[in-house]
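Residue numbers (our numbering), protein chains in the order written: chain G, 133 to 330; chain C, 546 to 1158.
I have placed the structure first, in the form of structure tokens, so that the comments after it can refer back to it.
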């Protein structure tokens, strides 16, 4: 009996501790919400917890970056083509970009992808993204297996090839969805600096 | 128990981190430089805003070509590192020429000090600075840049720029709605959405020759390079060019461009897909003056496309051309042109005393930022000065703009994967200009001879020289060159027609008829050939045949008074007084001063009255 009661007390102590944890979280909730990416409704959203069984592709974009804009048709097409294997998310790291302006941007560029705001750069840090456009691919276990350019269309700012000749994002999705490592783990992107958006 | 306590402690710790992170993300976006203690801090308001306002905001403002505005501190700070990087790499502002021996107008080049200031601003934390330091906001004119145009013409049909794909080149033909000759002192090109238009050029098409390439009237047509046919002597004289951020150039008094009824303005436009579909429907704003042209500049082209045959992998393929100026001229503006392999473009003037000066040097050519460069002051080129061009091409895979991956052999051509080596000069002859002794003829003929010497098998060079000789009245020499031109292209309608015209002038209508028949076999709807054939047949006394071809001419160009007058004359010769009179009256309705029509009509009245007696 003593043993039982002892156990009981420990459990109740533990419950107290949990209650304390919950209270703490409640008190810091507004700040904690800022520590996550948000969907356009303003709710926290962790894209890595979504779409189990699919590769996750985060695409960092900026509405005023002409290079990421130029990729809109390709990204939209790829999200459809790889729809069974990969869940695409557009991530807007500019904290000044409102959900309304993002919605109208999505309409303008014919995007059907879900969009996230990342005002505190939680996903930027997790991904190591440097420029827009840049993509990050997480495999089924949610390990980061590729980050960098979509393809090699741009060699430098203002210097685009006629067409891309390497397709790093497509390669990474195909590899990751089959559970193997992509041919390259990273390739530097050309675009607009995310570091300007702190 | 200990484990649970750990949990609580961990929560407290993460709480602390959250606060720290949120504080960190707030006020100071950039690390402070240590040097700010010793020298005054570079600020936006005092140091950076004046640079952005002068060099960047012209395009980086709403409605213009720049992808984002750079008008406020907030605008600039959210692109600060990017601005520092692109100014350091000289990607921005887009200005290709190096400083040279002659200053160019409206230079958009930052000094090393300005570039360093921007870099220091970013290193120092991109501070805003004191509000009192901010210069006045730049005043930009909205809409038409030099006031409301006298006439605005809009492209009849828009062109669709797809959301994705490679660069597009499109030509719009504007049918000028003027019914008499007007003098154009300026033109504003409004290309449509400026974010997708890299540059635009207007070519004056006095013979409506570009229309032949349209599938239906007003449809426009694709193509990067455009060729306009012109009359034997009517050289293009002005650059009509638009690039982002430009205010239209107003020609000085006496240098207006002649715009006749029936002249087409062809807008050649370079578009880059933006990620969304765009309809492009440009407008032209025309500004007229009452003062006709008294000084006649001329566009002269150095080129050596024939020498372009660049093996894959070659990094420094050189193409040159040089032209000796046959009389004293002023160089007003210069327009170097190559496609994507062009790397280092230079032009020089070597004076008669041997001194050599750089006219322009573009060390990192980029077709996307091509432009017409006007000199701040005209450059005097005395007679005997040699103008030369030296272009270097990089066909290796190190050229980031190489359209072929892997590189392949590239030759000259009009498409963007072909190459070109052109240098256009706007030259103003110093000598007095008169109809009889136009110094432009001397220039043009010298250029034509240069081209024929450079490439004896060049049909166009041969044809142009012949046409110029014909215009100068050197009939026999002209005919020699026409003949050589026709050996190169026996079926060319224009050359056959011109050769025939020379035969008519030389009183050999019988020979002319053969060549006109050839011209019409190649181009059945060729107004000039029908007109000339009508003339040749009439000279031979075959008025029935003449009527047939003058009728065709009138059908093809109902507004041509001479064709109507000749049709009337030929009908009269066949005794068809009634119809003859109708066409002569019609000719006079088109042009009341048409002497031929008036004389023919008087004669018809006399002779038909005589017949009736």
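Think of the CB as a built atom: it goes at the ideal place given N, C-alpha and C, for glycine as much as any other residue.
From the DSSP output, in three-state form, read off residue 297 (chain G) for me. Of the three classes helix, strand and coil, the one that applies to residue 297 (chain G) here is coil, per DSSP.
Helix, strand or coil, according to DSSP, for residue 143 (chain G) in the structure here? Low confidence applies to residue 143 (chain G): its pLDDT is 33, below 50, so where it sits in the model is not reliable, and the reading given next is rough at best. Of the three classes helix, strand and coil, the one that applies to residue 143 (chain G) here is helix, per DSSP.
Under 8 Å, Cβ to Cβ, is there at least one residue of chain G near residue 953 (chain C)? no
Which of helix, strand or coil DSSP assigns to residue 234 (chain G): helix
Would you kindly work out how many angstroms separate the C-alpha atoms of residue 1082 (chain C) and residue 1089 (chain C), rounded to a whole number? 8 Å
Does residue 324 (chain G) come out as helix, strand or coil in the three-state DSSP assignment? strand
Short check: CB of residue 1092 (chain C) to CB of residue 1061 (chain C), under 8 Å? No.
With a threshold of 8 Å between beta carbons, is residue 297 (chain G) in contact with chain C? yes
Applying a beta-carbon distance threshold of less than 9 Å, which residues of chain C neighbour residue 321 (chain G)? Within 9 Å Cβ-Cβ: nothing; residue 321 (chain G) doesn't reach chain C, min ~13 Å.
Per DSSP, which residues does residue 276 (chain G) bridge with? Please list them. G:270
Looking at the C-beta of residue 738 (chain C), does it have a partner C-beta in chain G at a distance below 8 Å? Not one beta carbon of chain G lies nearer than 8 Å to the beta carbon of residue 738 (chain C).
Can you give, in chain order, each stretch of the alpha helix (DSSP H) that sits fully within the stretch 689-730 of chain C and has at least 4 residues? none
Find the residues of chain G that neighbour residue 939 (chain C), judging by a C-beta separation of less than 7 Å, and give them in chain order. Those do not exist, as residue 939 (chain C) stays about 13 Å from chain G at its closest Cβ, beyond 7 Å.
Give me the Cα-Cα distance between residue 952 (chain C) and residue 1107 (chain C), rounded to the nearest whole angstrom. So the two alpha carbons sit approximately 55 Å from each other.
Check whether the Cβ atoms of residue 702 (chain C) and residue 768 (chain C) sit closer than 8 Å, and answer yes or no. no
Measuring only the C-alpha atoms, how far is residue 328 (chain G) from residue 279 (chain G)? 19 Å
Residue 590 (chain C) (DSSP reduced to helix, strand or coil): helix
Using a Cβ-Cβ cut-off of 8 Å, state whether residue 913 (chain C) counts as contacting chain G. Among the CB atoms of chain G, one or more fall inside 8 Å of the CB of residue 913 (chain C).
Please list the segments of the beta strand (DSSP E) lying wholly inside the stretch 853-916 of chain C, counting only runs of 3 or more residues, in order along the chain. 862-869, 874-882, 887-895, 901-907
Going by C-alpha to C-alpha distance, which of C:664, C:922, C:693, C:849 sits closest to residue 630 (chain C)? Nearest C-alpha to residue 630 (chain C): C:664.
I need the DSSP call for residue 964 (chain C), collapsed to helix, strand or coil. strand
To the nearest angstrom, how far is the alpha carbon of residue 984 (chain C) from that of residue 1039 (chain C)? 26 Å
Hey, residue 961 (chain C) and residue 712 (chain C) are a contact pair by Cβ (cut 8 Å); roughly how many whole angstroms apart? 7 Å
With a cut-off of 8 Å, does the C-beta of residue 203 (chain G) fall near any C-beta of chain C? By this cut-off, residue 203 (chain G) is an interface position.
Out of C:709, C:585, C:623, C:610, point me to the one whose CA is closest to residue 669 (chain C)'s CA. C:585
Closest by CA to residue 608 (chain C), which one among C:736, C:721, C:591, C:850? C:736
Across the stretch 819-835 of chain C and the stretch 723-741 of chain C, are there enough close Cβ pairs to call them in contact, namely three or more that are closer than 8 Å? yes
Residue 1085 (chain C) to residue 1071 (chain C) span [Cα, whole Å]: 21 Å
Is the distance from the Cβ of residue 773 (chain C) to the Cβ of residue 748 (chain C) below 8 Å? yes
Using DSSP's beta-bridge definition, name the partner residues of residue 771 (chain C). Residue pairing by DSSP places residue 771 (chain C) opposite no residue, since no beta bridge is assigned to it.
Assumed close pair residue 224 (chain G), residue 254 (chain G) - CB separation to whole angstroms, cut-off 8 Å: About 13 Å; that fails the 8 Å criterion.
Applying the criterion that 16 or more other CB atoms from any shown protein chain within 10 Å of the CB defines a buried residue, is residue 242 (chain G) buried or exposed? A residue is called buried once 16 or more other Cβ atoms fall within 10 Å of its Cβ, and residue 242 (chain G), having fewer, is exposed.
Residue 212 (chain G) versus residue 707 (chain C) - alpha carbon distance: If I take the Cα positions, the gap works out to 19 Å.
One question on the structure: do residue 510 (chain C) and residue 1046 (chain C) come within less than 8 Å of each other, judged by their Cβ atoms? Residue 510 (chain C) lies beyond the residue range present for chain C, which begins at 546 and ends at 1158; the question has no answer from this structure.
Run of the alpha helix (DSSP H) containing residue 1026 (chain C), from where it starts to where it stops: 1020-1033
So, residue 189 (chain G) versus residue 169 (chain G), is the Cβ gap smaller than 8 Å? Residue 169 (chain G) is positioned such that its CB atom lies no closer than 8 Å to that of residue 189 (chain G).
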